[in-house]
Amino acid sequence: MEGKHSSPHSINLLKKIKDFTRSILEDLCNGCSPTIYIDKFRTYCTESSGNCCCSSDLPKGKEILTLQRECHARRMDVLLRVLMVVQQLLQENRHASKRDIYYMNPLIFKEQSVVDRAINDICILLHCSRHNLNVVSVGNGLVMGWLRFSEAGRKFDCINSPNTAHPIPVHVEYVEDIISVAQYILIVEKESVFQRLANDQFCRQNRCIVITGRGYPDVPTRRFLRLLIETLHLTAYCLVDCDPYGIDILSTYRFGSMQMAYDAKFLRIPEIHWLGAFPSDCEKYHLPQQCLLSLTAEDKQKVEGMLLRCYLEHEVPLWRAELQLLLDRGFKFEIEALSVHTLSFLSNEYLPSKIQSGAYI
Amino acid sequence: MEVNSVQNLCNYLITCAIRRCRISEDFCRLSISVKSSPQSTTPLLWISVSDTGVGSTLEEFLGLKFANDPIVADKWDGVICVATTSISDKEIHHFKVNLTETDSSRRMTKLHSVTKNGAKFSGTEVSLWISENIDDLLRDITFFLRKMLVLKAPVSSYELFRFSMLILPTIPALKNVLTSDFFFLKLLWSQCESHILQLASSSLPSSAPNIDQLKSGFEEYVSKHGNILNDVCHRCFSTGSREYLKVGSGVACSTGNQRSNGQVMEVVIIVSEIPETTQSSCFRAYDKKTEILYFKDYSPCSISQSSLDALTSIKWKDYGLTLRSIAVQDGCTLLEWQNLPPFAHIDIVLHSYHKQVLILPCKESSQVDQSLTRKAVKLALNELKEKNGGVLLSERALKICNYAPDLAKTIAGLILSSHDLSFKGECISLLGLQFQEITRNVVEDCIKEKIISAIGLNDIKPQRTREAASFLFDDEVIQELDTLDEEYEECEEAFGS
Numbered sequence: 001m002e003g004k005h006s007s008p009h010s011i012n013l014l015k016k017i018k019d020f021t022r023s024i025l026e027d028l029c030n031g032c033s034p035t036i037y038i039d040k041f042r043t044y045c046t047e048s049s050g051n052c053c054c055s056s057d058l059p060k061g062k063e064i065l066t067l068q069r070e071c072h073a074r075r076m077d078v079l080l081r082v083l084m085v086v087q088q089l090l091q092e093n094r095h096a097s098k099r100d101i102y103y104m105n106p107l108i109f110k111e112q113s114v115v116d117r118a119i120n121d122i123c124i125l126l127h128c129s130r131h132n133l134n135v136v137s138v139g140n141g142l143v144m145g146w147l148r149f150s151e152a153g154r155k156f157d158c159i160n161s162p163n164t165a166h167p168i169p170v171h172v173e174y175v176e177d178i179i180s181v182a183q184y185i186l187i188v189e190k191e192s193v194f195q196r197l198a199n200d201q202f203c204r205q206n207r208c209i210v211i212t213g214r215g216y217p218d219v220p221t222r223r224f225l226r227l228l229i230e231t232l233h234l235t236a237y238c239l240v241d242c243d244p245y246g247i248d249i250l251s252t253y254r255f256g257s258m259q260m261a262y263d264a265k266f267l268r269i270p271e272i273h274w275l276g277a278f279p280s281d282c283e284k285y286h287l288p289q290q291c292l293l294s295l296t297a298e299d300k301q302k303v304e305g306m307l308l309r310c311y312l313e314h315e316v317p318l319w320r321a322e323l324q325l326l327l328d329r330g331f332k333f334e335i336e337a338l339s340v341h342t343l344s345f346l347s348n349e350y351l352p353s354k355i356q357s358g359a360y361i
Numbered sequence: 001m002e003v004n005s006v007q008n009l010c011n012y013l014i015t016c017a018i019r020r021c022r023i024s025e026d027f028c029r030l031s032i033s034v035k036s037s038p039q040s041t042t043p044l045l046w047i048s049v050s051d052t053g054v055g056s057t058l059e060e061f062l063g064l065k066f067a068n069d070p071i072v073a074d075k076w077d078g079v080i081c082v083a084t085t086s087i088s089d090k091e092i093h094h095f096k097v098n099l100t101e102t103d104s105s106r107r108m109t110k111l112h113s114v115t116k117n118g119a120k121f122s123g124t125e126v127s128l129w130i131s132e133n134i135d136d137l138l139r140d141i142t143f144f145l146r147k148m149l150v151l152k153a154p155v156s157s158y159e160l161f162r163f164s165m166l167i168l169p170t171i172p173a174l175k176n177v178l179t180s181d182f183f184f185l186k187l188l189w190s191q192c193e194s195h196i197l198q199l200a201s202s203s204l205p206s207s208a209p210n211i212d213q214l215k216s217g218f219e220e221y222v223s224k225h226g227n228i229l230n231d232v233c234h235r236c237f238s239t240g241s242r243e244y245l246k247v248g249s250g251v252a253c254s255t256g257n258q259r260s261n262g263q264v265m266e267v268v269i270i271v272s273e274i275p276e277t278t279q280s281s282c283f284r285a286y287d288k289k290t291e292i293l294y295f296k297d298y299s300p301c302s303i304s305q306s307s308l309d310a311l312t313s314i315k316w317k318d319y320g321l322t323l324r325s326i327a328v329q330d331g332c333t334l335l336e337w338q339n340l341p342p343f344a345h346i347d348i349v350l351h352s353y354h355k356q357v358l359i360l361p362c363k364e365s366s367q368v369d370q371s372l373t374r375k376a377v378k379l380a381l382n383e384l385k386e387k388n389g390g391v392l393l394s395e396r397a398l399k400i401c402n403y404a405p406d407l408a409k410t411i412a413g414l415i416l417s418s419h420d421l422s423f424k425g426e427c428i429s430l431l432g433l434q435f436q437e438i439t440r441n442v443v444e445d446c447i448k449e450k451i452i453s454a455i456g457l458n459d460i461k462p463q464r465t466r467e468a469a470s471f472l473f474d475d476e477v478i479q480e481l482d483t484l485d486e487e488y489e490e491c492e493e494a495f496g497s
């Protein structure tokens, strides 16, 4: 039987793994190729008619893996290898990172993304989230501000020193006792901007919580952010570079990533507002020409692709309009460009003025 | 048909005799006799081909054309003697056919008839004198008959025939024969005898379907190295069993309209796997070539152009084979393979015949012939694949098979590393294994075998099915995700981890 410490959730997942293994074996014993049906999920499509159903969390089609294509055989091989690790983790009630799993067979897996895909496939097959598999990613996010919470008995007292960065806990499911006197949550794209705000003692002057995912946000950062918003009912603003990647990161917070679309309903943050930087900010804040960078061909291609995403048109048309403006003007700029006037322009003028005047979309 | 060699004529006469036997509704006997003339200073031989089939209508001989070839003319005077009688005839009719006669009305001369004295039988004897080296002639006829043995007993009881060969060298003739030749004759005689015995004691009932007879005959042909040996080659096929022979057969029939005249194409393909050690000890030279044995209406002959075209058009790559060349030499068709696995050899036999036997072969549609050949060969290849896991797998399937050991290891791992004993027991029993004697290797090997077999079965399905299956239910393909399908090369960041 399963390990003494296995949770009911783990026991349920182990049962599903056994059912899955049994079905593969039955296929083989019947002389058939094992057939694995994997639901396909998506957060958006490029359907221009507006008749898509991407806003629904239901699967959009199925992928069928059989031993009829070499790439499927390889994918099945990786999937089963990772599943065996997951079975072991659940049976022994242990945790491993995606990187740990990769290093169990680097020659077979070849690259991390192959393991990541297998983990996603397993989540879809077993109808669960990644952390349910006892697979965690190394925490990447940082938090500071007017917040106090504990994670599995460990206390995080950010209020004590609101301008000090704390790592976002990896096991978000164990986060409890959240206490805050913050008025809003500010999400910043980059660690450099986060540090700028810390240096400027931004949280001493503004009752807020500041979070960064350091680029594309990982799962714990998004789950933690969502937990805060759900628990504290605070408004969330997002500050990203005025470039295609910044807006893509913003979209990931708002709608979830395509790769983990199966779990988007638990990861997306529909309440998020785009605070900046907008293409129109360069005139409004008098950014000199030397701070503006021309969009590269790759940038333009990325923007053109993003403009086709159905969710921008249906759910945040103002975001789409800014994105179109970015393309039309043909230049981009980083948040740090706002420091052209004074180093603390961002903390002292840009952010407070934007929030107070409601200049967000 | 144009007679351009003595061997060619003998083969034709035997073919005609077989056809008459097939038309007969009784067991028939076919005899070939060769006698040398003691008086002649030149090697003058008397050849007789006789059968107990239906009587001849003579048209089959009148249609022959004497080739204007001095070599043929030196060996044969163009005269054939025919004695024939039908079951209803009261006499045996004798004819002389002179093929050198250009005036067709004077080609045939009716000779005296002999009364049957009320006896009821039918049959034909065709004889001729030729000037030929007896060794060469016997070698050629033996070669022809060895191929004939592949067919074993034919379609149904009324079409059965047996044949024997009678060699009666007279004493003066023997004096001129070298000792080795004498042994050759003896050997030939004993071979024919043993073949007759084998035919008589065939394990298959005479009512067995034609294709089964062909399969059985061809297996013997291959295991006896082209029926050269009396018994299975024990060097190549150890313990005499046929475990090294992987056999597949296919039958394609035309729909029976007037044009195709109920044409049937039967194909048997054998892949033999010869252990490396025996290759050097056996006289048989294995190479990457396959001789196509071709039969037309129960007689060995050169392959038809349409069948040859069909063989060329087959997608051999679907069976893991690459055809390097097709060559036709002296009526013998050879397929040369580029990538035959080591120690493997392929043998192929094709038999085209008509369900309805006609005295004179009718003109066939090459399109029908081509289509039937193609269909029957593919059926045989598919059956071979289906029955022998891992054989003739396409290049694509072979690549997939490379994953079988890893997949088996992981599936076995999922079972054996489970803490749930009842689940383990259930899986072991599903695999048909005994729980007591389970080791990881046993489970892995069992699963691997099943995976390879499943891959083999998938390999037979048409490409179309394979392609369609992978995106079933997929209502839309997202352009931005397309690049991820094969290798999933998304960076960690963009992956949203």
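Residue numbers (the UniProt record's numbering), protein chains in the order written: chain A, 1 to 361; chain B, 1 to 497. We put the beta carbon where it would ideally sit given N, CA and C, even for glycine.
Spatial distance of residue i from residue j (CA atoms)
i: D83/A; j: I17/A; result: Residue identity differs from the one stated: residue 83/A is Leu in this sequence, not Asp. Those two C-alpha atoms are separated by around 8 Å.
i: C28/B; j: V54/B; result: 9 Å
i: S131/B; j: I47/B; result: 11 Å
i: S33/B; j: V97/B; result: 20 Å
i: P169/B; j: F95/B; result: Model confidence at P169/B stands at a pLDDT of 35, short of 50, so the residue's coordinates are unreliable; what they give is reported in the following sentence. Spanning the two alpha carbons is a distance of roughly 26 Å.
i: V78/A; j: H9/A; result: 24 Å
i: V442/B; j: G250/B; result: 35 Å
i: S5/B; j: T102/B; result: 19 Å
i: F471/B; j: M144/A; result: Any reading at F471/B must be qualified, since the residue scores a pLDDT of 40, below 50, and its modelled position is unreliable; the value itself is stated next. Cα-Cα distance, rounded: 46 Å.
i: N210/B; j: M265/B; result: 11 Å
i: C332/B; j: P106/A; result: 55 Å
i: L14/A; j: T35/A; result: 20 Å
i: R94/A; j: S7/A; result: 11 Å
Exposed unless 16 or more other CB atoms sit within 10 angstroms - verdict on residue i
i: C53/A; result: exposed
i: F435/B; result: exposed
i: C427/B; result: buried
i: N458/B; result: buried
i: F41/A; result: buried
i: K155/A; result: exposed
i: V181/A; result: exposed
i: E334/A; result: buried
i: Y174/A; result: exposed
7 Å Cβ cut-off: residues of chain A touching residue i
i: F423/B; result: K18
i: L392/B; result: The premise fails here: L392/B is roughly 17 Å from chain A at the closest Cβ pair, so nothing lies under 7 Å.
i: T439/B; result: Those do not exist, as T439/B stays about 18 Å from chain A at its closest Cβ, beyond 7 Å.
i: E413/B; result: The sequence as given places Gly at residue 413/B; Glu does not occur at that position. Those within 7 Å of G413/B in chain A are M84.
Listed by chain order, chain B residues near residue i by CB distance under 7 Å
i: G31/A; result: S453, A454 and L457
i: residue 445/A; result: Given that chain A is displayed from residue 1 to residue 361, the structure contains no residue 445/A and the question cannot be resolved.
i: A73/A; result: I400 and Y403
Partner residues on chain A for residue i, Cβ-Cβ distance less than 8 Å
i: C427/B; result: T21, R22 and L25
i: K378/B; result: What K378/B touches in chain A: nothing, since even the nearest Cβ is about 19 Å away.
Per DSSP, the bridge partner or partners of residue i
i: G123/B; result: T85/B
i: H72/A; result: Answer is none; H72/A lacks a bridge partner.
i: F95/B; result: V82/B and K110/B
i: R148/A; result: D157/A and I179/A
i: Y319/B; result: None; Y319/B has no bridge partner.
i: K246/B; result: V271/B
i: Q329/B; result: C332/B
Closest Cα partner of residue i within the set the options
i: S137/A; options: C158/A, V219/A and G256/A; result: V219/A
i: S365/B; options: L431/B, D26/B, S307/B and S429/B; result: S307/B
i: N388/B; options: L245/B, K35/B and H419/B; result: L245/B
Neighbour list for residue i in chain A, Cβ cutoff strictly below 9 Å
i: K317/B; result: Result: empty, since nearest Cβ-Cβ is about 15 Å, beyond 9 Å.
Under 9 Å by beta carbon: chain B residues contacting residue i
i: M104/A; result: The contacting residues do not exist; M104/A stays about 12 Å from chain B at best.
Where residue i meets chain B, residues with beta-carbon distance less than 8 Å
i: Q88/A; result: S417
i: L80/A; result: L407, T410, I411 and L414
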